[in-house]
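Q: Counted the way the working numbering counts, the sequence shown spans residues 1 to 124. In this text, a Cβ means the ideal position worked out from N, Cα and C, and glycines have one as well.
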Amino acid sequence: MEVLSFLAFLNYCLKVAKQLLLRAAALQFKEQLRNCVSQVIGMRFDTKTTNSGRFNGACTFLEQKIDRNFLWIACRHHMFEVLLSDGFSECFGKSTGLKSFYLRDFEKIGPSSTTMNQKSNQNL
1 MEVLSFLAFL
11 NYCLKVAKQL
21 LLRAAALQFK
31 EQLRNCVSQV
41 IGMRFDTKTT
51 NSGRFNGACT
61 FLEQKIDRNF
71 LWIACRHHMF
81 EVLLSDGFSE
91 CFGKSTGLKS
101 FYLRDFEKIG
111 PSSTTMNQKS
121 NQNL
């Protein structure tokens with residue numbers, strides 16, 4: 001019986017030690033991260049999924065938390081999304097969601113106008 005209680009006590013001590021080590025490692029990582037923040041000068045991002053706007057986007061949020069401006073570097077595949085979005089908004093007004101009022105007309109025409117037919121897909 002004494003051996004079992006001693007083993008239970010050792011098990012408890014190991015759990016506590018593990019928690020203390022994890023906390024110490026987390027605090028050390030947090031301090032290292034804090035030191036790295038001063039080295040950050042820019043952010044690379046996918047414009048639509050991670051940055052939902054100039055005022056409410058993730059990049060703006062990070063700039064506010066760190067209390068300084070960053071160089072924003074949009075992914076080269078997505079860098080024109082912002083320009084096209086601004087141009088569309090200027091011409092047609094702000095869109096309230098994924099289904100813009102002006103794009104609904106394409107749905108009425110049908111899928112043949114927006115996608116290739118099966119034969120042309122096979123030739124690709």
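With DSSP as the reference, identify every bridge partner of R34, one or two as the case may be.
A: The count along the sequence shown starts at 1 and reaches residue 34 at position 34. Its beta-bridge partners do not exist; DSSP assigns none.
Q: In the DSSP assignment, what are the bridge partners of R44?
A: Sequence index remark: in the sequence shown, residue 44 carries index 44 (1-based). Answer is I73, bridged to R44.
Q: Would you kindly report the start and end of the unbroken alpha helix (DSSP H) that includes Q39?
A: Position 39 of the sequence shown, counted from the start, is the residue given in the question as residue 39. It is not in any alpha helix (DSSP H) - Q39 carries neither H nor E in the DSSP assignment.
Q: The alpha helix (DSSP H) that contains F61, what's its start and end?
A: Locating residue 61 in the sequence shown gives position 61, where the first residue counts as 1. Here the alpha helix (DSSP H) through F61 covers A58 to I66.
Q: DSSP three-state label for F92, please.
A: Position 92 of the sequence shown holds residue 92. F92: helix per DSSP, three-state reduction.
Q: Output the distance between the C-alpha atoms of G93 and E63, rounded to the nearest integer angstrom.
A: Translated into positions along the sequence shown, residue 93 becomes position 93. Translated into positions along the sequence shown, residue 63 becomes position 63. Those two C-alpha atoms are separated by around 28 Å.
Q: From A25 to V16, what does the alpha carbon distance come to, in whole angstroms?
A: Locating residue 25 in the sequence shown gives position 25, counting from the first residue. Locating residue 16 in the sequence shown gives position 16, counting from the first residue. Roughly 14 Å between the two C-alpha positions.
Q: Sort Q19, K65, A58 and C13 by Cα distance to A74 and report the nearest one.
A: Taking the first residue of the sequence shown as 1, we reach residue 74 at position 74. Cα-wise, what sits closest to A74 is A58.
Q: Return helix, strand or coil for K55, following the three-state DSSP convention.
A: What you label residue 55 is simply residue 55 of the sequence shown in a count that begins at 1. In the sequence as displayed, the identity of residue 55 is Phe instead of Lys. Here F55 sits in coil by DSSP.
Q: Only counting the same chain, and skipping five residues up and downstream in sequence, which positions put a Cβ closer than 7 Å to that of L124?
A: Within the sequence shown, residue 124 is the residue found at index 124, counting from 1. Here the model assigns L124 a pLDDT of 49, short of 50, so the residue's position is not dependable, and the following value carries that caveat. Taken in chain order, the list of residues that qualify is empty.
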